[in-house]
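Chemist:
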Amino acid sequence: GGIITQTPKFLIGQEGQKLTLKCQQNFNHDTMYWYRQDSGKGLRLIYYSITENDLQKGDLSEGYDASREKKSSFSLTVTSAQKNEMAVFLCASSISGASAETLYFGSGTRLTVL
Amino acid sequence: SQLAEENLWALSVHEGESVTVNCSYKTSITALQWYRQKSGEGPAQLILIRSNEREKRNGRLRATLDTSSQSSSLSITATRCEDTAVYFCATGGGYKVVFGSGTRLLVSP
Chain L
179 GGIITQTPKF LIGQEGQKLT LKCQQNFNHD TMYWYRQDSG KGLRLIYYSI
229 TENDLQKGDL SEGYDASREK KSSFSLTVTS AQKNEMAVFL CASSISGASA
279 ETLYFGSGTR LTVL
Chain C
9 SQLAEENLWA LSVHEGESVT VNCSYKTSIT ALQWYRQKSG EGPAQLILIR
59 SNEREKRNGR LRATLDTSSQ SSSLSITATR CEDTAVYFCA TGGGYKVVFG
109 SGTRLLVSP
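As you go down the protein sequences, you meet chains L and C in turn. Taken in order, the first sequence gives residues 179 to 292; the numbers are from the numbering used here. Taken in order, the second sequence gives residues 9 to 117; the numbers are from the numbering used here.
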């Protein structure tokens, strides 16, 4: 089996700050994802990447940048943190990104903006 | 609006009881997945049921799929306190997956 490691587990930032979240996977999966989860809501796709150096925007990409410099890692940057923002950011991977494919998730980074 | 949605916000049962979580969706699908998310963890897949399947089991879990009514159910028998979690249905897969907002299940002793 494999594992997805997200760092940091908790992130506290100031309004306007640029914040970076990191994700590593050892499944050797091609596709990686970043989701945002707000309290009581479903997961919304921010970015995904089907291979190294590929980036695809999801439904919620505005205000975020992403980077996939290696197959095993995928980072997400909040370009300007919004005051009172609180959410959990979940990284996931899958074998190829094809339909009917299982997503494997990390345990999340919990963001609080003061 | 959501393309996949669980029908109840929350459920509460006592340990040992059975419980069913329902989901409806709005598009034609190739597969539907059920995920569970425990507090402080990421979601983990429980069952993937394809559009040509009507039922799938995984231990105490049983998922059904009715493509004519565009609905699915996840049943858990002999619930345990550790089944306390949020249960999501998700249509599609890979980068096209769409998650519902989840049903919160509380299993108390």
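The C-beta atom is built at its ideal place from N, Cα and C for all residues, glycine as well. This one's a predicted model, so the numbers in the text were calculated from it and none came from an experiment.
1) Rounding to the nearest angstrom, what Cα-Cα distance links R132 (chain C) and M264 (chain L) in this structure?
2) What three-state label does DSSP hand E240 (chain L) in the structure shown?
3) Three-state secondary structure (DSSP) at E13 (chain C)?
4) If I measure Cβ to Cβ from L295 (chain L) and keep anything under 8 Å in the same chain, skipping five residues before and after, which residues do I get?
5) Are the beta-carbon atoms of A98 (chain C) and Q45 (chain C) separated by less than 8 Å?
6) Considering just the uninterrupted stretch of the beta strand (DSSP E) at K46 (chain C), what are its terminal residues?
7) Taking Cβ-Cβ distances below 7 Å as the criterion, which residues of the region 250–267 of chain L are in contact with chain C?
8) With a CB to CB cut of under 7 Å and the five nearest residues on each side skipped, what residues in its chain are close to D91 (chain C)?
9) Starting from A18 (chain C), trace the beta strand (DSSP E) in both directions and tell me its first and last residue.
10) Is Y282 (chain L) closer than 8 Å to S274 (chain L) when the C-beta atoms are compared?
11) At least one CB of chain C closer than 8 Å to the CB of S277 (chain L): is that the case?
12) Using the Cα positions of D216 (chain L) and I182 (chain L), report the straight-line distance between them to the nearest angstrom.
13) Taking the alpha-carbon of D208 (chain L) as reference, which of L:K248, L:S285, L:G284 and L:G218 has the nearest alpha-carbon?
14) Enumerate, from N- to C-terminal direction, the unbroken beta strand (DSSP E) stretches of 3 or more residues contained entirely within the region 248–285 of chain L.
15) Return yes when the Cβ of P117 (chain C) is within less than 8 Å of the Cβ of E25 (chain C), no when it is not.
16) In whole angstroms, what separates the C-alpha of Q234 (chain L) from that of N206 (chain L)?
17) May I ask you to report which of helix, strand or coil DSSP gives D91 (chain C)?
18) In this structure, what does DSSP give as the bridge partners for V291 (chain L)?
19) Measuring CB to CB, does E13 (chain C) end up less than 8 Å from V29 (chain C)?
Modeler: Short version:
1) Chain C is shown only over 9 to 117; residue 132 (chain C) falls outside these bounds and no answer can be derived.
2) Within the first sequence, numbered from 1, the residue matching residue 240 (chain L) stands at position 62. In the structure shown, E240 (chain L) sits in coil (DSSP, three-state: anything other than H, G, I, E or B).
3) By one-based count along the second sequence, residue 13 (chain C) stands at place 5. It is a strand residue.
4) The displayed coordinates of chain L run from 179 to 292. Any statement about residue 295 (chain L) would go beyond what the structure contains.
5) Taking the second sequence and counting its residues from 1, the one referred to as residue 98 (chain C) is at position 90. Taking the second sequence and counting its residues from 1, the one referred to as residue 45 (chain C) is at position 37. Not closer than 8 Å, so no.
6) Mapped onto the second sequence, residue 46 (chain C) falls at position 38. From DSSP, K46 (chain C) is part of no beta strand (DSSP E); its letter is neither H nor E.
7) Answer in chain order: no residues at all.
8) Taking the second sequence and counting its residues from 1, one reaches residue 91 (chain C) at position 83. Apart from sequence neighbours up to five positions away, the residues of its chain that approach D91 (chain C) with a beta-carbon distance below 7 Å are I84, L113 and V115, ordered along the chain.
9) The count along the second sequence starts at 1 and reaches residue 18 (chain C) at position 10. Where A18 (chain C) is concerned, the enclosing beta strand (DSSP E) stretches over A18 to H22.
10) Locating residue 274 (chain L) in the first sequence gives position 96, where the first residue counts as 1. Locating residue 282 (chain L) in the first sequence gives position 104, where the first residue counts as 1. No, the Cβ-Cβ distance between S274 (chain L) and Y282 (chain L) is not below 8 Å.
11) Reading the first sequence from its first residue, position 99 is the one you call residue 277 (chain L). So, interface residue.
12) By 1-based counting over the first sequence, the position of residue 216 (chain L) is 38. By 1-based counting over the first sequence, the position of residue 182 (chain L) is 4. Cα to Cα, D216 (chain L) sits roughly 21 Å from I182 (chain L).
13) The residue labelled residue 208 (chain L) in the question sits at position 30 within the first sequence. Nearest C-alpha to D208 (chain L): L:K248.
14) 251–256 and 264–272
15) The count along the second sequence starts at 1 and reaches residue 25 (chain C) at position 17. The count along the second sequence starts at 1 and reaches residue 117 (chain C) at position 109. No, Cβ-Cβ distance for E25 (chain C) and P117 (chain C) is not below 8 Å.
16) Position 56 of the first sequence, counted from the first residue, corresponds to residue 234 (chain L). Position 28 of the first sequence, counted from the first residue, corresponds to residue 206 (chain L). Each residue's alpha carbon lies about 19 Å from the other.
17) Translated into positions along the second sequence, residue 91 (chain C) becomes position 83. For D91 (chain C), the secondary structure class from DSSP, reduced to helix, strand or coil, is helix.
18) Locating residue 291 (chain L) in the first sequence gives position 113, where the first residue counts as 1. The beta-bridge partner set that DSSP reports for V291 (chain L) consists of L:G191.
19) Numbered from 1 along the second sequence, position 5 holds the residue referred to as residue 13 (chain C). Numbered from 1 along the second sequence, position 21 holds the residue referred to as residue 29 (chain C). Cβ distance not < 8 Å, so E13 (chain C) and V29 (chain C) don't count as in contact.
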